[in-house]
Each structure stands twice: as structure tokens, then as C-alpha cells.
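Data first, discussion second: the structure below is written as C-alpha cells.
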Amino acid sequence: WALFAEDVEAILALKREKNAVILAHNYQTPEIYHCVADIVGDSLALAREAMHVEADIIVLAGVSFMAETAKLMNPGKTVLIPDTEAGCSLADSITPADIRLMREAYPGVPIVAYVNTTAAVKAEVDICCTSGNAKRIVESLGVPRVIMLPDQYLARNVAAETGVEIITWAGQCEVHERFTAEDVRELRAAHPGVTVLVHPECPPEVVAEADFAGSTAAMTDYVADHRPPRVVLLTECSMSDNVAVHYPDLEFIRPCNLCPHMKRITLKNIRRALEENRNVVTIDPAIADRARSSVERMLAI
Ligand code: 13P
Ligand code: SF4
35 WALFAEDVEA ILALKREKNA VILAHNYQTP EIYHCVADIV GDSLALAREA MHVEADIIVL
95 AGVSFMAETA KLMNPGKTVL IPDTEAGCSL ADSITPADIR LMREAYPGVP IVAYVNTTAA
155 VKAEVDICCT SGNAKRIVES LGVPRVIMLP DQYLARNVAA ETGVEIITWA GQCEVHERFT
215 AEDVRELRAA HPGVTVLVHP ECPPEVVAEA DFAGSTAAMT DYVADHRPPR VVLLTECSMS
275 DNVAVHYPDL EFIRPCNLCP HMKRITLKNI RRALEENRNV VTIDPAIADR ARSSVERMLA
335 I
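According to the UniProt record's numbering, the residues represented by the sequence shown are 35 to 335, in order.
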């Protein structure tokens with residue numbers, strides 16, 4: 035605590051002084067998640083909550099596509115991202131020109147984009163989805179074939195759940211692609227009775243070995259509802275740290291992979307962003323309305 039106290043207190047004072055709130059993703063480190071965040075959640079919750087913020091400033095403790103989505107959903111607010119280099123391997127894997135080529139190649143097939151994309155990509159697609167609602171969004175389209183991008187694993191996991199034919203893109207999350215089915219089998223052998231929860235950005239063979247696959251919020255809810263005595267969350271490392279605090283009676287086994295992008299956000303750069311009004315998120319007006327529509331269509335379902 036001694037390491038963090040000065041920055042935490044400064045951030046709490048700055049939030050009051052500047053009428054700011056901090057929205058933090060579930061992968062943020064515990065000192066951000068538990069000590070300075072006003073709202074925490076998965077990508078879906080952060081997009082929804084951003085819409086209802088009344089404060090003047092939103093600091094998005096997460097990666098760039100999340101900050102862009104917050105700005106899209108509440109364009110009148112100042113949105114700050116503490117480190118502009120906080121990217122995402124999925125968002126980096128596809129461009130607006132790629133989407134236009136997919137439309138030409140598959141005329142009339144609806145395009146669903148994971149929220150882990152830039153606003154410019156969102157502007158070119160029909161609707162967005164998150165890991166928390168991908169199945170529902172795909173089924174809501176009521177068609178036998180959709181394009182879902184850029185995460186090939188999420189797309190294949192959704193195809194397995196829905197029976198809808200899904201045309202994929204060759205993107206993947208650099209964190210979740212590293213988990214293997216062998217990891218799950220080894221965990222079960224080493225920790226008998228362990229309940230294995232995985233994120234749907236993991237490869238399908240990993241999801242097939244798991245007890246449950248769901249968004250970061252769905253994994254948190256699973257632990258709350260089922261109280262598995264011994265549990266592993268195969269996802270980014272801070273997830274277990276943040277959830278385990280609430281369940282000292284449960285045993286959390288903690289193999290994990292760090293997201294280097296999420297870890298760019300620190301108490302120090304949150305403080306600096308607030309002190310200097312630094313790294314204001316802007317979205318090209320030529321794309322903002324179309325990108326917002328893709329997110330709004332998702333939130334309406
Ligand atoms: P969630 O929407 O499940 O929080 O996932 C976001 C993400 O970046 C996972 O890698
Ligand atoms: Fe992107 Fe994966 Fe990091 Fe999530 S964990 S922000 S999908 S690289």
C-alpha cells in the first residue's frame with residue numbers, strides 16, 4: 035500500500051477537483067481496479083456505462099479501442115486514455131480497406147465486428163459484438179451465414195454454439211492464443227477437481243476442454259454464482275487477482291498470460307492524464323456517426 039498511497043490519494047483528489055470518473059477494464063491491476071476505479075467491467079459493460087456518465091471527464095483505464103468506444107457512446111465528454119500506445123493485437127489485425135474487400139468478396143453477407151477494433155473499422159461494418167453477447171448478436175441476424183471478424187477463435191467458438199456458418203478473419207488475441215488444450219489437461223491432473231473457466235478468445239480446442247467459457251464479466255459471475263472451491267481463470271493475469279480478493283475461501287490456481295497493452299496503464303499515467311488533461315481521445319467526424327451506429331445496433335439487442 036505504501037507504494038501506491040500517494041498516487042491513489044492524488045487521483046482521488048483529482049477526480050473530485052475535475053469532475054472525472056475512471057472506467058476500468060477487468061484486466062487492470064488491483065491497485066487501479068480496487069482503489070481508483072469508479073466503474074469496472076468487461077467491454078460490454080464499459081460501453082454501456084460510458085453512455086450514462088454525467089461527469090465531465092472519463093478516464094478509460096483499458097486499451098485504445100475501449101477509450102474510442104467510450105467517446106463514441108458519450109461524444110460530449112472528454113475521454114482520456116492514460117497511454118496512447120495501449121493497443122490490441124486484434125484491433126491491429128484489420129483495416130477499413132480489409133472490410134471493404136470482404137464486402138466485395140461476400141456480397142449481402144452481414145459483417146459483425148468484435149468491439150476489439152478501431153472506430154474506423156466499426157464504421158464499415160453492420161453491427162458490433164463483444165465476447166459477452168457474440169452468440170446473441172449472430173443469432174439476432176436471422177441469416178445462415180455471417181462474417182465475423184477479426185478474432186478467428188471467437189468466431190469459431192460462436193459458430194460451434196449457434197450452427198450459423200461463420201466466415202472468419204485471421205486475427206487472434208496474443209494473450210489467449212497461447213493457452214492450449216494440453217494446459218487444461220495438465221491443470222486438471224495437477225489440481226484434482228479444479229473448475230476451468232476460459233475466455234472465448236481462446237482456441238476452440240481449449241474451450242472444448244473447459245467447464246465454462248465466457249467474457250470477463252461472465253467468468254466473474256460464474257465464480258459468484260457457483261463458488262467453485264478450486265478454480266482457474268484461463269485469461270489475463272489481473273482477472274484472478276481482482277476476483278480472488280472477494281473470495282478468500284476459494285482456491286484460485288493462477289497460470290495466466292499478461293496483456294502487455296493493458297499493463298501500459300498505471301496509477302502514474304492515470305494521475306498524469308488527469309493532472310495535464312493528457313491524451314484526449316478524438317474520433318474523425320467522418321467516421322464517428324457510422325461507428326456509433328454499429329455499437330448502438332449491438333446495444334439495442
Ligand atoms: P471482455 O469483453 O470479455 O472483457 O474481453 C475484452 C478483452 O480484451 C479480452 O481479451
Ligand atoms: Fe487485445 Fe488480447 Fe489484450 Fe484483450 S487481452 S486487449 S484482446 S491483446
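All C-beta atoms in this analysis are idealised placements derived from N, C-alpha and C, irrespective of residue type, glycine included.
Given the structure is predicted, the values throughout are model-derived calculations rather than measurements.
- Relative to the ligand 13P, C162 has its C-beta separated by 7 Å or more from all heavy atoms.
- Within 7 Å of the C-beta of E235 there is at least one heavy atom belonging to the ligand 13P.
- According to DSSP, D72 shares a beta bridge with no other residue.
- Judged by their CB atoms, I161 and R50 are not nearer to each other than the 8 Å cut-off.
- Of the residues T112, C293, E243, the one whose Cα lies closest to the Cα of E216 is E243.
- The shortest CA-to-CA distance from A104 to any of T300, A334, R326 is the one to R326.
- If you draw a straight line from the Cα of L37 to the Cα of S328, it is about 42 Å long.
- Residue environment for R305: buried (at least 16 other C-beta atoms within 10 angstroms of its C-beta).
- In the DSSP assignment, the residues bridged to C163 are Y148.
- With a cut-off of 7 Å, the C-beta of S127 is classified as distant from the ligand 13P, since no heavy atom of the ligand falls inside that distance.
- The beta carbon of P237 sits closer than 6 Å to the beta carbons of Y187 from its chain, once the five residues preceding and following it are set aside; these are given in chain order.
- Under the 10 Å beta carbon count, A320 is surrounded by fewer than 16 other beta carbons and is classified as exposed.
- Checking the DSSP bridge columns, you'll see N291 partnered with E270.
- In terms of side-chain proximity, the C-beta atom of C290 is found no nearer than 7 Å to any non-hydrogen atom of the ligand 13P.
- V180 and I133 have their C-alpha atoms spaced approximately 13 Å apart.
- A distance below 8 Å separates the beta carbons of I115 and V315.
- Between the ligand 13P and N150, a heavy atom-to-CB distance of less than 7 Å is present.
- Sorting G75, V232, V113 by C-alpha distance to the C-alpha of I287 places V232 at the top.
- Between V240 and V265, the gap from beta carbon to beta carbon reaches 8 Å or more.
- Cβ contact annotation for A194 (same chain, cutoff 7 Å, sequence separation greater than five): P238, in chain order.
- Judged by pairs of C-beta atoms under 8 Å, the stretch 76-91 does not touch the stretch 121-129, as fewer than three such pairs exist.
- When secondary structure is reduced to three states using DSSP, H59 falls in the strand class.
- Secondary structure of T196 (DSSP, three-state): helix.
- For R179, no alpha helix (DSSP H) segment is defined; the enclosing uninterrupted segment is the beta strand (DSSP E) at 179-183.
- Distances from the CB of M182 to the heavy atoms of the ligand SF4 are all 7 Å or more.
- The C-alpha of I56 is placed about 26 Å away from the C-alpha of A157.
- A residue is called buried when at least 16 other Cβ atoms come within 10 angstroms of its Cβ; I335 does not meet this threshold and is exposed.
- Counting C-beta atoms within 10 angstroms of its own C-beta, E199 has fewer than 16 neighbours from the protein chains shown and is therefore classed as exposed.
- Of T269, H210, G166, A223, the smallest CA-CA separation from D76 is found for G166.
- Under DSSP, no beta-bridge partner is assigned to V241.
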